[in-house]
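Colleague: By the working numbering, the letter at position 57 of the sequence shown is numbered 57, and the numbering carries on one by one without gaps. Where is the CB? At the ideal position from N, CA and C, for every residue including glycine.
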Amino acid sequence: ILLAQPVSLCCFQTTAALTAGLERIPDQLGYLVISEDGVLASAGELENDEHTAGVMMQMVRTASRFRLPGSAEPPFKRMSVILEDFVYTVTVSGQKVFVVKRQNNQQESISV
Numbered sequence: 001i002l003l004a005q006p007v008s009l010c011c012f013q014t015t016a017a018l019t020a021g022l023e024r025i026p027d028q029l030g031y032l033v034i035s036e037d038g039v040l041a042s043a044g045e046l047e048n049d050e051h052t053a054g055v056m057m058q059m060v061r062t063a064s065r066f067r068l069p070g071s072a073e074p075p076f077k078r079m080s081v082i083l084e085d086f087v088y089t090v091t092v093s094g095q096k097v098f099v100v101k102r103q104n105n106q107q108e109s110i111s112v
């Protein structure tokens with residue numbers, strides 16, 4: 001007799017819907033889907049990376065405080081964190097934050 005834990009199909013479908021587009025991003029090394037409650041989904045180099053999720057959420061919270069006077073629009077929808085070897089692209093949609101880690105193929109150095 002084979003006994004198995006029941007699988008909640010609704011949760012699987014929700015996770016699959018969250019990550020469907022992320023799986024197809026070219027050159028992606030990993031991704032996170034985050035809410036205020038924590039990591040909803042992760043894969044690749046960001047699999048179970050709670051530390052990066054926390055750092056990215058703090059950056060989103062900080063950036064969200066910079067709202068233009070009189071503007072009802074969110075202050076941003078997407079931000080990029082560009083490092084020497086890779087780039088984190090962070091997109092805010094609804095109550096979720098999507099983080100994709102990609103290889104940085106930029107050849108020239110970035111100066112600020």
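Determine the DSSP secondary structure at Leu-46, reduced to helix, strand or coil.
Modeller: In the sequence shown, residue 46 corresponds to position 46, counting from 1. Coil, per DSSP.
Colleague: Do Arg-78 and Thr-169 come within 8 Å of each other at the CB atom, strictly closer than that value?
Modeller: Because the chain spans 1 through 112 in this model, residue 169 falls outside it and cannot be assessed.
Colleague: Tell me the DSSP bridge mates of Thr-91?
Modeller: Within the sequence shown, residue 91 is the residue found at index 91, counting from 1. The bridge partners DSSP lists for Thr-91 are Arg-78, Phe-98.
Colleague: Once the 5 residues before and after Leu-9 are set aside, which same chain residues still bring their CB inside 6 Å of it?
Modeller: Stepping through the sequence shown from its first residue, residue 9 is reached at position 9. Note on Leu-9: pLDDT 41, under 50, position unreliable in the model; the coordinate value appears next. If we look at Leu-9 and ignore the five residues flanking it on each side, it has no Cβ neighbours.
Colleague: From which residue to which residue does the beta strand (DSSP E) around Gly-30 run?
Modeller: For the purposes of this step, residue 30 is taken as the residue at position 30 of the sequence shown. Where Gly-30 is concerned, the enclosing beta strand (DSSP E) stretches over 28 to 35.
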